[in-house]
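Engineer: Quick one: the structure is below, and I'll ask about it shortly.
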């Protein structure tokens, strides 16, 4: 059974973080790495501080890498750090109070950034979050981390088939760069191509039917990957 957000979960927060602190250009690059998603998931679900050692599943073999991930999350405003009161030489990491964690309708917790809802269990590594129509978190967040690809995806979700030339405006990139982004989205299974019936030299790009675009009860448009819901 596929995991989906309930209609009541899709309602925007009363004060949309998208218009304030949270910036998709900052948040999606953090979510791109599965370890950072795992840390976010643990802290959102459990609501307690962690030592870097507790988060390092290899127990010191990759501690430097863990510390770099935590530093990036602190810089993005997702985590706060403080000395461990039991041992001042150690640092505790906690989810920042401003991170909007709420209970999901069907249980569990979600993080609502305004522009996106992230299921806390969906923030975990891929093996635990793939019951969502075959969409892989690593692949989806890698696409969302690049603003031109995100803009093209959103434009396609709102509109009809278009040529690469027509999509230059959405990507805000030159034609050669736009073509690279369109190719990456096609390889990820998010776009389909067909010859332009009005000009056989041109290729039309359209959103794949498998991309889960739906309307909310309020009339908005969302893409629901199960582990992450995007408000367009």
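In my numbering, the protein residues as written are 245 to 476.
Even glycine gets a Cβ: it sits at the ideal position worked out from N, Cα and C.
Are the CB atoms of residue 435 and residue 400 within a distance shorter than 8 Å?
Structural biologist: Working through the chain shown from its first residue, we reach residue 400 at position 156. Working through the chain shown from its first residue, we reach residue 435 at position 191. In this structure, residue 435 lies closer than 8 Å to residue 400 by Cβ.
Engineer: Assign residue 297 to buried or exposed, taking buried as 16 or more other Cβ atoms, counted over all protein chains shown, within 10 Å of its Cβ.
Structural biologist: Against the chain shown, residue 297 aligns to sequence position 53. Exposed is the call here.
Engineer: Report the CB separation of residue 469 from residue 389 in whole angstroms; it is logged as a contact under 8 Å.
Structural biologist: For this step, residue 469 is matched to residue 225 along the chain shown. For this step, residue 389 is matched to residue 145 along the chain shown. That belief does not hold up - the Cβ atoms of residue 469 and residue 389 are roughly 14 Å apart, past 8 Å.
Engineer: Taking the Cβ atom as the reference point for each residue, do residue 393 and residue 384 lie within a distance shorter than 8 Å?
Structural biologist: Within the chain shown, the letter at position 149 stands for residue 393. Within the chain shown, the letter at position 140 stands for residue 384. No; because the gap between Cβ atoms is not below 8 Å, this pair is not in contact.
Engineer: Using 10 angstroms around the beta-carbon of residue 418, count the other beta-carbons present and answer buried if the total reaches 16, otherwise exposed.
Structural biologist: Taking the first residue of the chain shown as position 1, residue 418 is located at position 174. Answer is exposed; the Cβ neighbour count stays below 16.
Engineer: Distance check for residue 327 and residue 425, CA to CA, integer angstroms please.
Structural biologist: Walking along the chain shown from the start, residue 425 turns up at place 181. Walking along the chain shown from the start, residue 327 turns up at place 83. Whole-angstrom Cα-Cα distance: 43 Å.
Engineer: Could you please give the first and the last residue of the uninterrupted beta strand (DSSP E) stretch that includes residue 327?
Structural biologist: Within the chain shown, numbered from 1, the residue matching residue 327 stands at position 83. Where residue 327 is concerned, the enclosing beta strand (DSSP E) stretches over 323 to 328.
Engineer: Give me the residue from 355, 348 and 351 with the minimum Cα distance to residue 342.
Structural biologist: Numbered from 1 along the chain shown, position 98 holds the residue referred to as residue 342. The residue with the shortest Cα to Cα distance from residue 342 is 355.
Engineer: Beta-carbon within less than 7 Å of residue 395's beta-carbon, same chain only, minus the 5 sequence neighbours each way: which residues are those?
Structural biologist: Within the chain shown, numbered from 1, the residue matching residue 395 stands at position 151. Counting only Cβ-Cβ distances below 7 Å, and skipping sequence neighbours, we find 414, 415 and 416.
Engineer: Can you find the residues in the same chain that come closer than 6 Å, C-beta to C-beta, to residue 450, ignoring five residues on each side of it along the sequence?
Structural biologist: Position 206 of the chain shown, counting from 1, holds the residue named residue 450. The answer, listed in chain order, is 405 and 436.
Engineer: Tell me the rounded alpha-carbon separation between residue 337 and residue 323.
Structural biologist: The residue you call residue 337 lines up with position 93 of the chain shown. The residue you call residue 323 lines up with position 79 of the chain shown. Rounded to whole angstroms, residue 337 to residue 323 spans 6 Å at the Cα level.
Engineer: So, residue 440 versus residue 409, is the Cβ gap smaller than 8 Å?
Structural biologist: As a first step, residue 440 must be located in the chain shown, where it is residue number 196. As a first step, residue 409 must be located in the chain shown, where it is residue number 165. For residue 440 and residue 409, no; Cβs fall outside 8 Å.
Engineer: Below 8 Å CB to CB, which residues in the same chain sit around residue 306 once its five sequence neighbours on both sides are set aside?
Structural biologist: As a first step, residue 306 is located in the chain shown; it is residue number 62 there, counting from the start. 300, listed in sequence order.
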